[in-house]
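This report concerns only the one structure given below.
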Amino acid sequence: MVIPLKANQKKLKGISIGGAWNVRYEQFVIESITFEKIANPQKTDVNACDEPPVIDTAKNGIINEKLSAWDFVKQLGAGLQYMVFIDAPELLDFGMDVHPGNAFSKPTKEQIQFIKSKGFKTIRIQTNPGNDHLMDKDYRINPSYIKHIKQVVDWCIEEDMYVIICGPFAEYGIDEKYKKRVAAGDVHFAGYFVNENDKKESERFLRAVWKQYAEAFNNSYDEHLIFENLNEPVDVFHVENVHSWFPKDDCSRCKKAYEVLNDYNQLIVDTIRSTGGNNTNRFIMINGLGAKCWTITSKNFKLPKDKSNNKLIPTYHEYTMGGSAAFDQYSDYYTNGIKESILETFAAFDKVYFSKHIPVYVSEIGQSRRTPILERIKWIKDFMAEASKPSRSCAALLHVDGALKDDGGFFSGYYDSWKLGWYDEEFVDTFIYGAQGKDYPLSADFVKKNEVKVESIVGKNLLKNPLELKNWEGGYKLTSNVLALATPAKYKLVFEFERKGSDPRFNIGYNDSRLNWHEVVPLLQKSGVKGGMIDGTTIKVKAKTIEISVDEELAKQLEYTIGIYLNGKDIIIKSMKVIE
Ligand SMILES: [Zn+2]
Numbered sequence: 055m056v057i058p059l060k061a062n063q064k065k066l067k068g069i070s071i072g073g074a075w076n077v078r079y080e081q082f083v084i085e086s087i088t089f090e091k092i093a094n095p096q097k098t099d100v101n102a103c104d105e106p107p108v109i110d111t112a113k114n115g116i117i118n119e120k121l122s123a124w125d126f127v128k129q130l131g132a133g134l135q136y137m138v139f140i141d142a143p144e145l146l147d148f149g150m151d152v153h154p155g156n157a158f159s160k161p162t163k164e165q166i167q168f169i170k171s172k173g174f175k176t177i178r179i180q181t182n183p184g185n186d187h188l189m190d191k192d193y194r195i196n197p198s199y200i201k202h203i204k205q206v207v208d209w210c211i212e213e214d215m216y217v218i219i220c221g222p223f224a225e226y227g228i229d230e231k232y233k234k235r236v237a238a239g240d241v242h243f244a245g246y247f248v249n250e251n252d253k254k255e256s257e258r259f260l261r262a263v264w265k266q267y268a269e270a271f272n273n274s275y276d277e278h279l280i281f282e283n284l285n286e287p288v289d290v291f292h293v294e295n296v297h298s299w300f301p302k303d304d305c306s307r308c309k310k311a312y313e314v315l316n317d318y319n320q321l322i323v324d325t326i327r328s329t330g331g332n333n334t335n336r337f338i339m340i341n342g343l344g345a346k347c348w349t350i351t352s353k354n355f356k357l358p359k360d361k362s363n364n365k366l367i368p369t370y371h372e373y374t375m376g377g378s379a380a381f382d383q384y385s386d387y388y389t390n391g392i393k394e395s396i397l398e399t400f401a402a403f404d405k406v407y408f409s410k411h412i413p414v415y416v417s418e419i420g421q422s423r424r425t426p427i428l429e430r431i432k433w434i435k436d437f438m439a440e441a442s443k444p445s446r447s448c449a450a451l452l453h454v455d456g457a458l459k460d461d462g463g464f465f466s467g468y469y470d471s472w473k474l475g476w477y478d479e480e481f482v483d484t485f486i487y488g489a490q491g492k493d494y495p496l497s498a499d500f501v502k503k504n505e506v507k508v509e510s511i512v513g514k515n516l517l518k519n520p521l522e523l524k525n526w527e528g529g530y531k532l533t534s535n536v537l538a539l540a541t542p543a544k545y546k547l548v549f550e551f552e553r554k555g556s557d558p559r560f561n562i563g564y565n566d567s568r569l570n571w572h573e574v575v576p577l578l579q580k581s582g583v584k585g586g587m588i589d590g591t592t593i594k595v596k597a598k599t600i601e602i603s604v605d606e607e608l609a610k611q612l613e614y615t616i617g618i619y620l621n622g623k624d625i626i627i628k629s630m631k632v633i634e
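Numbering (the numbering used here), first residue to last: 55 to 634.
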């Protein structure tokens, strides 16, 4: 690498070389440093590549044209995420030699063989060409990036595995470092946005990316190679109500995002099909808005029109227990509410897809290793039991990331790409067995050692400090984790108050796991409120304590929320307790 010194620099006191603090895992060796006098030194462009575009030139290919998506998905078995192609390390210019910024080692064939030997049949390669791998304003992808992907794809195929190439991410567009690069005119960075304003340019980007992918992978690949439109396409700018990740059918902006994404999906399918050959009949997975289960069953979602029959697979991501502890919907425990949510999801799929012989693919499923292992195991076992019912065609792929130590709440890795090992194997095996419709036998010892005992919270004050509520400002949020498995099946919530004004009122409500708001007070009409009077969605506080009854249904809901909220006016809530 050539690094020009300042012009007219006569002397150097020394050279200081430091590790890049934000690249956690990569190592490299500087073999030598030499000084050369050059007339017009140019800094090495780490993105430069003089290789020709990667084109699959095989004239003829064999692909099983008659295979339907329904029968195909039943063959995919357990899948594993392989996310080595998504990041420029914290957007530093490492060039093509090092691309995993997320703690994975560089890909090797041994890794693929190791993953296969565990029992995985499918690998999903996430890609992000617009993150430092573009060559120019026409969105030409660095050929060496595609070659790297192709190498891994070929290894998978040689091992008789299925491999999914997934299109780009949507959320990088709001990353500050990314925005700075784009603003500075850096052509190596570009992306797409799921909104009307950015639609034209986004379409140009998506068409370019998918044309290059489809030209690079065609007749040499049969149905073992699958394309997936996009990774978690979200309207990143629609953040005011967190609708980016929790799209709503009745929100006009979300409706628009659905429409824009439907158009992108159509464009991607058409672009892939236009390359002919085996891509005419290749299976294509279609990830819906925000990758949520309810957005692919929404009336606003459209599977693209396709010249080929039965080759499209609706796809979403499943994090029923919240995935990462960094998210509000995270749960340490597998509760009845979570179980019910799984049944609800499959009931919706039965109606919209399975009854019509259309499969569903779960291109990510996962839960943080921070979660007690037996709780995770119960959850994924139940999920896979539903997915593998004979009346359904549904396969799933385990999400793993590269963080092998819990660094503050993210998913953490089940798979060690450096030492070739597994963490929490009982969980991984339960998933793999589940994909085959089988139960993984856990030893009695393991169960005994990991059985979760949650201390009852009955009688304990759930508020850390007294909560002063003046005028519906500064409400309080309680996470579900506090209540999960810690209460009787039904109970009373008792609040202790101090009056601070003439019209003391109080409200309680919660966001369910799909971020739909629910008022609790109207549900109390039948049981009444001891010490208070129901007035619409609020309780007029009449005494020093009020008591509300939480029946079994509500208790189940309160265990599985994205926050329970307390608010009010003219009061201080001194305590909040669960009483049997
Ligand atoms: Zn919205």
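Just so you know, even glycine gets a beta-carbon here, dropped at the ideal spot from N, CA and C. All figures in this text were calculated on a predicted structure; none of them were measured in a lab.
Delimiting residues of the alpha helix (DSSP H) encompassing residue i
i, result
"Ile586", "Before going further, note that residue 586 is Gly rather than Ile in the sequence given. Careful: Gly586 lies outside any alpha helix (DSSP H), inside the beta strand (DSSP E) at 586-589."
"Phe437", "427-441"
"Ser7", "In the structure as shown, the chain begins at 55 and stops at 634. Residue 7 is therefore absent and cannot be evaluated."
"Cys308", "306-328"
"Asp499", "498-504"
"Thr111", "Per DSSP, Thr111 belongs to no alpha helix (DSSP H) and is neither H nor E."
"Val207", "197-212"
"Ile166", "163-172"
"Ile486", "479-489"
"Asp125", "123-127"
Spatial neighbours of residue i in its chain, beta-carbon cut-off 8 angstroms, leaving aside the 5 residues before and after
i, result
"Lys361", "Arg327, Thr334"
"Val536", "Ile511, Leu516"
"Leu474", "Glu164, Gln165, Phe168"
Whole-Å CB distance - residue i paired with residue j, under 8 angstroms assumed
i, j, result
"Ile486", "Ala132", "4 angstroms"
"Thr374", "Ala538", "No, Thr374 and Ala538 are not in contact; Cβ-Cβ is about 13 angstroms, not under 8 angstroms."
"Arg261", "Thr181", "So it is not a contact: roughly 16 angstroms between Cβ atoms."
"Lys594", "Arg559", "6 angstroms"
"Gly488", "Gln421", "Actually they are not in contact, since the Cβ atoms of Gly488 and Gln421 sit about 14 angstroms apart, beyond 8 angstroms."
"Ile625", "Leu523", "5 angstroms"
"Glu552", "Ser629", "Between Ser629 and Glu552 the Cβ distance is about 11 angstroms, and since that is not below 8 angstroms, they are no contact."
"Gly585", "Lys596", "6 angstroms"
"Leu130", "Thr176", "5 angstroms"
"Leu612", "Phe300", "The Cβ separation is near 19 angstroms, so there is no contact."
With 16 other Cβ atoms within 10 Å as the buried cut-off, status of residue i
i, result
"Phe82", "exposed"
"Trp472", "exposed"
"Asp493", "exposed"
"Val575", "buried"
"Lys514", "exposed"
"Asn283", "buried"
"Leu620", "buried"
"Ala93", "exposed"
"Ser497", "exposed"
"Leu315", "buried"
"Val56", "exposed"
"Thr329", "buried"
"Pro107", "exposed"
"Pro444", "exposed"
"Met587", "exposed"
"Glu286", "buried"
First and last residue of the uninterrupted beta strand (DSSP E) at residue i
i, result
"Lys405", "Note, Lys405: premise wrong, no beta strand (DSSP E); alpha helix (DSSP H) at 390-406."
"Thr176", "176-181"
"Lys524", "521-525"
"Val138", "133-139"
"Cys448", "448-452"
"Lys64", "That residue, Lys64, is in no beta strand (DSSP E); it is neither H nor E in DSSP."
"Ile219", "216-220"
"Asp104", "Looking at the DSSP string, Asp104 is not in any beta strand (DSSP E), and its letter there is neither H nor E."
"Gly622", "615-633"
"Val416", "414-419"
Cβ shell of residue i (< 7 angstroms), same chain only, five flanking positions each side left out
i, result
"Thr484", "Ile431, Ile434, Lys435, Tyr494"
"Tyr545", "Val604, Ala609, Val632, Ile633, Glu634"
"Leu357", "Ile340, Leu366, Pro368"
"Pro95", "Val56, Pro58"
Cutoff 6 angstroms; reference residue i; Cβ partners in own chain excluding five residues on either side
i, result
"Phe247", "Gly227, Ser256"
Margin query: Suppose only complete runs of 4+ residues qualify. What are the alpha helix (DSSP H) ranges in the stretch 222-293, listed by chain order?
Written below: As far as the stretch 222-293 is concerned, its whole alpha helix (DSSP H) runs of at least 4 residues are 230-237, 253-270.
Checklist line | Complete beta strand (DSSP E) runs within the stretch 547-612 (minimum length 3 residues, chain order) | finding: Fully enclosed beta strand (DSSP E) runs of 3 or longer: 559-566, 571-573, 586-589, 592-595, 599-604.
Next item on the list: Could you name each continuous beta strand (DSSP E) segment of 3 residues or more that falls completely within the stretch 318-383, going from the start of the chain to the end?
Entry: The stretch 318-383 is shown to contain whole beta strand (DSSP E) runs of 3 or more residues at 338-341, 366-372, in chain order.
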